[in-house]
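Please read the structure below before turning to the comments.
Residue numbers (UniProt numbering): 1 to 640.
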């Protein structure tokens, strides 16, 4: 295991306010200084090229290889024996550790495999793998060649995979014979074959990692991973321009033509390296456990690239927060691998709280190594923040960002110095992010008033360059609503101290008899009830008021519901709570107790889908859904 050296990895640029001001007033100085922490084949002389705005480019003239920065340079510095990747798989009952030297060997040889299949700089490779180290190897091997990877969540339906194949037009697909879920083994190869048959584009080859739980019979242009690796000639890293794409990542919940976020190489690597020091306070030899699939942006940034760029150890976890086998697995991982910083979604903690409301399972493990818990992916409600803080007695840090941004827009920067935490807020904007809240006419709203959260252009390094092969869609989707600003799609407000409060997607603001109300604010109230594990509030059409809110709550497993009249009493208490804290104008009259809420695999509650069903639409099952049965159970309740 990587040794926690105890060194201070905090950013040396001083106080947060000065740091943020410098990043906005003199981005050249700030970001060139940040870029010097990387190894460049050709160091950049300038930070920003704004000559083709709004298509900004960072570090023009700079050339580097992201894989070499994530792997080779640590081996060259004498840290080859340090563990780079830990694979912890409760679903298979196995663990293994890969040192930086081992990782360099595997990545170099797999890059040779890809090159042998014709993959060169600029070519695309679709990666369709479970949470196994080979996913990390495949991503880094693409980066090593200057190829562009597009990771698609393992288990996505063939039609959705086919859409992404047609959009990215990959030369090669990398997959496994199967994925392993809580209650079943899911064969991948038949789904990949079906996707290729559905797609208009046909890749030249498919590489298949055989897993013992369900090996696949390979045919035609399908190649066995291990056999291909045996005869592979290792490939050296290929320097690329800073603005060359590193990957394409499709945003969750897309319908029709997928929207592929394009991430650059130099800007992304620079931003991630800074965040490991400045935000997450993780450095050489320390361990970060990010409980996210590599198919999502959090997995790309903080399972794979950022920890390895920092010379840290990253834990790749193949399991769930609960059910594999219990709600104590995250604590076991922290204890066994001496995790310093943990990062997951609020949904995971609500699931843990539901199964283990008192947090008793945490008491079975030595959690003394854990310094910080970061939560992102969905709004961190104050009740979940309180529960986690009291349980762990460490800073619990909300951070807000998106697939498009690549790293946190707002956070509490542990590496610079923690700021006072305000539950319900991800704290303050990070360097390079000039965050404002605007009304529908583009005017700035007063502190405390909700509006559209936007970021002033240019966006900092690491944010999306464009949408893959569709610049017009990039401008239409993100830049056309307010001239000179990136539209986040989230609504909320800034308080008098500049703290950001993200209340939910702008389409989660409902209009009740002319009053604009945030469903996130109502959810915050419902979540404060001691019996509630998690909740959702949606706006449904109403002939009189335009929209009215409807609440859904999932109870903690410890709650005794057998008492006569319990549900009716609970519903009355919840309605009264909202009335007391928000007012009668909220018009929340109906709160249903449900066994579960439909979510994406990344943990986001499918509020838009719920709202469509409630309004009578023939709402399709989203490709990103985690468990279809939860939605089907809820469907008749939504339509009543």
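By construction, the Cβ of each residue, glycine as well, lies at the ideal position given by its N, Cα and C atoms. Since the model is a prediction, treat every value here as computed from it, not as a measurement.
In the structure shown, residue 116 falls within a helical segment according to DSSP collapsed to helix, strand and coil. With respect to residue 537, residue 426 sits apart: the two C-beta atoms are not nearer than 7 Å. When the five nearest sequence neighbours on each side are left out, the beta carbons in the same chain lying within less than 8 Å of the beta carbon of residue 467 are those of 259, 260, 261, 262, 473, 474 and 477, in order along the chain. Exclusion of the five residues before and after residue 117 leaves 172 and 205 as the residues of its chain whose Cβ lies within less than 6 Å of its Cβ. Secondary structure of residue 267 (DSSP, three-state): helix. For residue 192 against residue 175, the beta-carbon gap comes to about 5 Å, under 8 Å, which counts as contact.
At a Cβ-Cβ threshold of 7 Å, residue 346 and residue 65 do not count as neighbours. Burial state of residue 549 is buried, judged by a 10 Å Cβ sphere holding 16 or more other Cβ atoms. Cβ contact annotation for residue 333 (same chain, cutoff 7 Å, sequence separation greater than five): 88, 289, 315, 317 and 339, in chain order. Bounds of any alpha helix (DSSP H) do not take in residue 490; it lies within the beta strand (DSSP E) bounded by 485-494.
The Cβ atoms of residue 365 and residue 331 lie closer than 7 Å to each other. In terms of Cα proximity to residue 623, the closest of 313, 634, 449 and 609 is 609.
Sorting 420, 398, 403 and 404 by C-alpha distance to the C-alpha of residue 410 places 398 at the top. If only uninterrupted beta strand (DSSP E) runs of at least 3 residues are considered, those enclosed by the region 427-463 are 435-438 and 451-456.
In the structure shown, the three-state DSSP call for residue 243 is coil. Burial state of residue 179 is buried, judged by a 10 Å Cβ sphere holding 16 or more other Cβ atoms. Taking every protein chain shown into account, the CB of residue 402 has 16 or more other CB atoms within 10 angstroms, so this residue is buried. Relative to the Cα of residue 587, the nearest Cα in the group 483, 551 and 618 belongs to 551.
For residue 176, the beta-bridge partners assigned by DSSP are 209. In its chain, beyond the 5 residues on either side, 365, 366 and 367 have a beta carbon closer than 7 Å to the beta carbon of residue 335. In the DSSP annotation of this structure, the continuous segment of the beta strand (DSSP E) that includes residue 124 starts and ends at 124-128. Nearest to residue 628 by C-alpha distance, out of 77, 98 and 600, is 600.
Here residue 524 is not near residue 535, since their CB atoms are 7 Å or more apart.
When rounded, the separation of the alpha-carbon atoms in residue 75 and residue 309 is 12 Å.
For residue 522, the enclosing alpha helix (DSSP H) starts and ends at 519-527. Around the beta carbon of residue 23, a 10 Å sphere encloses 16 or more other beta carbons of the protein chains shown; the residue is thus reported as buried.
If one requires a minimum length of 3 residues, the beta strand (DSSP E) runs lying completely within the region 556-636 are 590-593, in chain order. Per DSSP, residue 300 lies in no beta strand (DSSP E) and is assigned neither H nor E. Two segments are said to touch when three or more pairs of C-beta atoms, one from each, lie closer than 8 Å; by this definition the region 368-377 touches the region 279-295. In this model, residue 450 and residue 612 are separated by some 24 Å (Cα to Cα).
Straight-line spacing of the CA atoms in residue 328 and residue 222 works out to 39 Å. The Cβ atoms of residue 165 and residue 133 do not sit closer than 7 Å to each other. Using a 10 angstroms sphere on the CB of residue 384, the tally of other CB atoms reaches 16 or more, which defines it as buried. Residues of the same chain with a CB within less than 8 Å of the CB of residue 198, apart from the 5 flanking positions on each side, are 158, 159 and 162 in chain order. Assignment of beta-bridge partners to residue 94 by DSSP yields 89. Straight-line spacing of the CA atoms in residue 156 and residue 184 works out to 15 Å.
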